[in-house]
Amino acid sequence: MDFNQKEHIEKTQLEQSDAWYEYWQQYSDWSTWEFWVNLGFLVVPLILLYILIDKKKALLLGFFGYNVHVWFTYIDAFGGSKALWFYPYKVLPILPVNFALDVSFYQWTLNHGKNYYLYITGLCVILSFIFKPLMTTFGFFKLNEGANYFHLFLGYLLIAIISKLITNIFIFMERRSKLKSTA
């Protein structure tokens, strides 16, 4: 890659960022009803989670939730950069829409002794085949050619499994460390 190509990419990225900001100001800023719906999607689950969180498991749930958030951000960035999907309305032009449903669901499975993998598969089905199509119907989400709701389902399931496995690894390391320190 030569210097001119790097400059071209940098200029194109800046132009795209400016275009998003202009689009957001025209169609998605605080004066639109879509902005307020998206803000609700972002804030209401977090408020409910804060109120309902099992405070004895707050660090575990926070770690799991952050893990899910990071993986969703990576997948959203990939899908957006490949134009597999599109969020026409955003709270801020630089933020994808994220939900805290997965963390509260994880807490529920822990507190009720339910099989996480079975119940998270059900949640992924609901998110992929009911929630996202509803978002599409109301214009908050658009799938482009090359992507479908089954792909979203696989992505959600992959994120849920990876996040749980990473959380389990850290739980294992913590327990092992505690066992060694008491021995």
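Sequential numbering from -3 applies to the sequence shown in the working numbering.
Note that beta-carbon positions come from the ideal geometry of N, C-alpha and C, so glycine has one too.
Taking its Cβ as the centre, do 16 or more other Cβ atoms sit within 10 Å of residue i, making it buried, or is it exposed?
{"i": "residue 20", "result": "buried"}
{"i": "residue 85", "result": "buried"}
{"i": "residue 79", "result": "exposed"}
{"i": "residue 47", "result": "exposed"}
{"i": "residue 57", "result": "buried"}
{"i": "residue 103", "result": "buried"}
{"i": "residue 27", "result": "exposed"}
{"i": "residue 7", "result": "exposed"}
{"i": "residue 10", "result": "exposed"}
{"i": "residue 176", "result": "exposed"}
Let me check understanding here. Comparing Cα to Cα, which of the options lies closest to residue i?
{"i": "residue 59", "options": "141, 145, 25, 167", "result": "167"}
{"i": "residue 159", "options": "133, 113, 5", "result": "113"}
{"i": "residue 108", "options": "68, 50, 139", "result": "50"}
{"i": "residue 37", "options": "137, 52, 117", "result": "137"}
{"i": "residue 42", "options": "26, 62, 29, 70", "result": "62"}
{"i": "residue 90", "options": "177, 178, 44, 12", "result": "12"}
{"i": "residue 55", "options": "125, 170, 1", "result": "170"}
Residues in its own chain within less than 6 Å of residue i by CB, not counting five upstream and five downstream?
{"i": "residue 115", "result": "105"}
{"i": "residue 71", "result": "151"}
{"i": "residue 131", "result": "137"}
{"i": "residue 141", "result": "none"}
{"i": "residue 33", "result": "none"}
For residue i, which residues in the same chain have their Cβ closer than 8 Å to its Cβ, ignoring the five residues on either side in sequence?
{"i": "residue 143", "result": "75, 80, 81"}
{"i": "residue 147", "result": "80"}
{"i": "residue 4", "result": "none"}
{"i": "residue 125", "result": "145, 149"}
{"i": "residue 163", "result": "56, 59, 60, 63"}
{"i": "residue 110", "result": "104"}
In its own chain, which residues sit with a C-beta less than 7 Å from the C-beta of residue i, not counting the 5 before and 5 after it?
{"i": "residue 35", "result": "87"}
{"i": "residue 135", "result": "84"}
{"i": "residue 174", "result": "none"}
{"i": "residue 15", "result": "none"}
{"i": "residue 29", "result": "none"}
* Asked: Given 8 Å as the limit, is there contact between the region 64 to 75 and the region 149 to 158, that is, 3 or more CB pairs closer than that?
  -> Yes, the region 64 to 75 touches the region 149 to 158.
* **Whole alpha helix (DSSP H) elements within the region 30 to 99, 4-residue minimum** => Here the runs fully enclosed are 54 to 77.
* Asked: At what residue ranges does the region 130 to 161 contain a whole run of the alpha helix (DSSP H), taking only runs of 4 or more?
  -> Within the region 130 to 161, complete alpha helix (DSSP H) segments of at least 4 residues are not found at all.
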